[in-house]
Amino acid sequence: MNMVRIRHIMEMRRACKAPPLLPPKLRKEGSESTDRRGVKDVMDITFRVNTLVPERFPTSSYFFHLYESQDSSEGPWNLISETERLGTNDVACLDDFLAIEFSFERLQWFKMEISEISENGMKMSKASEIFTIAQVCSGPVIFPLVDQSGYRTSEVEIWSQLRDRPQPIVMQLEAKNLSTKLVSSNSNVYIEVYKVEDDQKRMLYRGEVVKQTKMTWRPFTIQSDDLYGNDGNESQIEIVCISEEDKEGIIGQTVVTMEVARSMETIMLYNETYKQGRKPIGEVRLCRYQQLRVCSFLDYIRSGTSLKFGIAIDFSIRDPQNVTNMDYQQYSNDIEFVVRSLGDTLEPFNPTNSWLSYGFGAKIPPHYRDSNNFCLSLDADATCQGVNGVLGAFAKSHQHVHPLSGAKFSQIIYHLAKQAQNNFNRANEPPSYYVLFIITRGSIEDLKETVQAAIFASKAPISIVFVGVGCEGLDEIERMGNAGKRLEYQGRKSERDNLQFVNATKTRLECDNYSDMTNAFLEKALQQIPWQCSTFYMQNHVLPGKSAEENNSSGSLMVPSSSRRPSSAYGQQGDEEDVRMSTSNSAEQTSSRRSRLSNAVRSLTLDDSR
Numbered sequence: 002m003n004m005v006r007i008r009h010i011m012e013m014r015r016a017c018k019a020p021p022l023l024p025p026k027l028r029k030e031g032s033e034s035t036d037r038r039g040v041k042d043v044m045d046i047t048f049r050v051n052t053l054v055p056e057r058f059p060t061s062s063y064f065f066h067l068y069e070s071q072d073s074s075e076g077p078w079n080l081i082s083e084t085e086r087l088g089t090n091d092v093a094c095l096d097d098f099l100a101i102e103f104s105f106e107r108l109q110w111f112k113m114e115i116s117e118i119s120e121n122g123m124k125m126s127k128a129s130e131i132f133t134i135a136q137v138c139s140g141p142v143i144f145p146l147v148d149q150s151g152y153r154t155s156e157v158e159i160w161s162q163l164r165d166r167p168q169p170i171v172m173q174l175e176a177k178n179l180s181t182k183l184v185s186s187n188s189n190v191y192i193e194v195y196k197v198e199d200d201q202k203r204m205l206y207r208g209e210v211v212k213q214t215k216m217t218w219r220p221f222t223i224q225s226d227d228l229y230g231n232d233g234n235e236s237q238i239e240i241v242c243i244s245e246e247d248k249e250g251i252i253g254q255t256v257v258t259m260e261v262a263r264s265m266e267t268i269m270l271y272n273e274t275y276k277q278g279r280k281p282i283g284e285v286r287l288c289r290y291q292q293l294r295v296c297s298f299l300d301y302i303r304s305g306t307s308l309k310f311g312i313a314i315d316f317s318i319r320d321p322q323n324v325t326n327m328d329y330q331q332y333s334n335d336i337e338f339v340v341r342s343l344g345d346t347l348e349p350f351n352p353t354n355s356w357l358s359y360g361f362g363a364k365i366p367p368h369y370r371d372s373n374n375f376c377l378s379l380d381a382d383a384t385c386q387g388v389n390g391v392l393g394a395f396a397k398s399h400q401h402v403h404p405l406s407g408a409k410f411s412q413i414i415y416h417l418a419k420q421a422q423n424n425f426n427r428a429n430e431p432p433s434y435y436v437l438f439i440i441t442r443g444s445i446e447d448l449k450e451t452v453q454a455a456i457f458a459s460k461a462p463i464s465i466v467f468v469g470v471g472c473e474g475l476d477e478i479e480r481m482g483n484a485g486k487r488l489e490y491q492g493r494k495s496e497r498d499n500l501q502f503v504n505a506t507k508t509r510l511e512c513d514n515y516s517d518m519t520n521a522f523l524e525k526a527l528q529q530i531p532w533q534c535s536t537f538y539m540q541n542h543v544l545p546g547k548s549a550e551e552n553n554s555s556g557s558l559m560v561p562s563s564s565r566r567p568s569s570a571y572g573q574q575g576d577e578e579d580v581r582m583s584t585s586n587s588a589e590q591t592s593s594r595r596s597r598l599s600n601a602v603r604s605l606t607l608d609d610s611r
């Protein structure tokens with residue numbers, strides 16, 4: 002047997018032993034139980050109404066009404082709030098007039114209206130204006146209100162304030178010197194922590210079982226509002242030390258304030274059945290108290306982080322001989338549905354109204370060579386202006402390119418991921434988070450390379466949404482989009498979950514009208530983007546309003562002081578500004594991180610000609 006044959010046999014054996022490229026599908030209930038949407042932001046919105054032309058109000062007064070629509074800017078409108086009679090000579094400031102939970106995956110439509118009561122008691126609408134929550138979430142915005150004759154009668158300034166959110170607190174407990182008269186040396190002991198309030202107890206944490214010889218429990222996390230309450234007042238906690246042995250039961254317990262617990266001093270445990278509860282039976286101590294700062298999507302958007310959107314359309318056809326004109330028309334309709342739904346909803350977060358638009362899986366003119374990364378407009382610039390620009394470029398490509406039987410996804414993913422990472426490494430520019438939508442019929446030819454590209458993209462500020470069109474051939478793409486951090490190849494693992502999958506065709510078939518189709522599709526496609534954006538920046542120690550270089554010079558997202566109350570407990574903005582960072586030697590960390598990143602780029606980059 003020659004060496005070529007031996008090498009072939011060894012390669013076949015290694016291939017047979019290799020794990021599958023894609024992890025299996027999660028069970029439906031399991032995937033639903035894993036909430037990957039993050040904490041929702043609640044906004045308090047204030048209105049400042051100024052009547053510019055008081056003489057146009059005969060009664061010298063007016064009413065301000067606020068309506069909401071669940072469907073679109075066309076209504077129907079439901080009245081949710083209104084004011085009492087307001088004078089035209091004064092500027093009305095309506096503090097916290099509206100409180101709403103921000104939603105990224107759908108436009109939240111509102112209409113403000115100024116009306117006047119006529120002499121016969123009828124309400125007459127003077128002027129109105131429609132806006133969305135996405136328009137006012139970044140900063141103050143002034144809307145002019147124009148009457149039916151086109152005259153600008155008043156203007157309304159709207160600004161919003163984010164409510165304080167609960168912040169996680171990491172705690173760790175240890176016990177020692179337990180009385181051997183109550184617990185044996187080989188007993189299994191666990192601990193429970195309760196919040197004591199108004200003579201009622203609520204369990205906050207139950208620790209794992211540890212041996213009596215070394216009683217240090219694993220760190221655990223408690224939300225600040227669970228520990229302190231919404232008012233931020235000092236609360237009491239009860240620490241109970243329990244043995245698993247039935248005859249031993251509760252070993253000891255104590256009730257202390259959080260101020261005493263945070264001091265990290267020794268706390269005595271007592272047992273009422275031992276010496277009538279007058280003599281301590283052991284000691285417990287809070288050996289770790291660490292407040293973490295969790296930043297939300299709107300924290301980053303309000304501080305200058307921008308979103309950049311890209312779209313890549315797969316032109317490949319698995320079996321071109323069996324494709325009919327109806328199939329081509331259905332494909333074009335699906336593309337238009339996806340692009341219009343995304344473009345209209347994401348427009349408030351896309352001030353330049355520009356989309357990075359690409360195509361792949363086709364032979365392109367003039368030489369009609371295979372290409373898996375070309376500008377959708379078939380020009381040198383991949384930028385298209387607005388939804389109509391993207392659809393126009395798609396129509397042009399659809400008419401001139403020749404589809405391949407399969408497509409390679411890795412080149413598009415690498416291209417956008419490198420662009421996002423290069424932007425992130427520029428210290429002088431505000432951060433930009435990229436979102437890439439890949440619309441495909443599922444004819445993937447480079448699964449191995451695409452898995453590697455997805456792992457590389459998990460290190461960059463980018464989210465990738467696979468949008469399937471059609472009802473067949475999408476199993477591999479669906480498994481990849483739902484893999485999350487389970488994606489792995491040759492020892493390299495995905496650092497975070499930045500992938501998603503949604504089947505646009507099935508979503509359309511499940512709904513009866515266009516509005517329901519759009520809402521269902523957008524919820525599946527966009528609901529995880531805010532969580533993925535904020536978690537990337539927190540993992541890379543980037544605080545809102547600062548670049549990666551500045552944040553690495555500051556440190557991490559931890560507050561090391563053991564005696565500080567969480568900022569959310571005070572409910573004051575000033576405390577958030579006092580967040581101190583725990584790591585040092587930032588310049589060395591930054592250069593080291595960038596060196597590792599450049600090495601990762603060199604090791605994972607695929608040649609575009611492949």
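Going left to right, the sequence shown walks through residues 2 to 611 as the numbering used here numbers them. A virtual CB, placed ideally from N, CA and C, is assigned to each residue, including glycine.
Rounded to the nearest whole angstrom, the C-alpha separation of Glu106 and Asn426 is 28 angstroms. Residues of the same chain with a CB within less than 7 angstroms of the CB of Pro169, apart from the 5 flanking positions on each side, are Thr222, Gln224, Leu293 and Val295 in chain order. Residue state for Cys534 is assigned as helix, using DSSP reduced to three classes. Here Asn79 is bridged, per DSSP, to Glu69. Boundaries for Thr353: no alpha helix (DSSP H) harbours it, and the DSSP string shows neither H nor E there.
In the three-state scheme derived from DSSP, where H, G and I count as helix and E and B as strand, His542 is classed as coil. Distances from the alpha-carbon of Ile268 to those of Glu430, Gly387, Cys288 and Glu337 put Cys288 closest. For Phe316, there is no enclosing beta strand (DSSP E), as DSSP gives it neither H nor E. Assigned with DSSP and collapsed to three states, His401 falls in helix.
Burial state of Val210 is exposed, judged by a 10 Å Cβ sphere holding fewer than 16 other Cβ atoms. By the C-beta density criterion, Met125 is exposed, having fewer than 16 other C-beta atoms within 10 angstroms. With at least 16 other beta carbons inside 10 angstroms of its own, His416 counts as buried. Counting only residues of its own chain and dropping the five nearest sequence neighbours on each side, Ala454 has a CB closer than 6 angstroms to the CB of Ser411, Ile414 and Tyr415.
Contact annotation, Ala135 with Pro349: C-beta distance approximately 4 angstroms; criterion of less than 8 angstroms satisfied. Trp110 is not a Cβ neighbour of Ile143, given a cutoff of 9 angstroms. Counted as a single uninterrupted DSSP element, the stretch harbouring Asp96 is not any alpha helix (DSSP H) but the beta strand (DSSP E) occupying residues Ala93 to Glu102. Gly253 is a Cβ neighbour of Leu183, given a cutoff of 9 angstroms. Shown here for Glu102: same chain residues with a beta carbon closer than 6 angstroms to its own, the five before and five after excluded, namely Lys41 and Val43 in chain order. One thing to note: Trp356 has its Cβ within 9 angstroms of the Cβ of Gln386. Lys525 has no beta-bridge partner at all, per DSSP.
Non-local C-beta neighbours of Gln540 in its own chain, meaning closer than 7 angstroms and more than five positions away in sequence, comprise Arg497, ordered along the chain. The residues Ser342, Val503, Ala505 and Thr508, in chain order, have a CB closer than 7 angstroms to that of Phe522 in the same chain once the five nearest residues on each side in sequence are set aside. Secondary structure in the region 119-171: the alpha helix (DSSP H) runs of 4 residues or longer, each lying completely within the stretch, are 134-137 in chain order. The three-state reading of DSSP puts Phe410 in coil, since its state is none of H, G, I, E or B. Here Met123 is exposed: its Cβ has fewer than 16 other Cβ atoms, across all protein chains shown, within 10 Å. Annotation for Met259: the continuous alpha helix (DSSP H) segment containing it runs Met259 to Arg263. When the beta-carbon positions are compared, Ala418 and Tyr434 stay at least 9 angstroms from each other. Assignment of beta-bridge partners to Asn51 by DSSP yields Glu156. Contact between Gly474 and Ser444 holds: their C-beta atoms lie close to 7 angstroms from each other, under 8 angstroms. Beta-carbon to beta-carbon, Ser186 and Gln213 are separated by about 6 angstroms, close enough to satisfy the 8 angstroms threshold. Excluding its 5 nearest sequence neighbours in each direction, Thr60 has C-beta neighbours in its own chain below 7 angstroms: Glu117 and Ile118, listed in chain order. Contact check between the region 526-546 and the region 295-304: three or more CB pairs, one atom from each, fall below 8 angstroms, which counts as touching. With 16 or more other Cβ atoms inside 10 Å of its own Cβ, Ile439 counts as buried.
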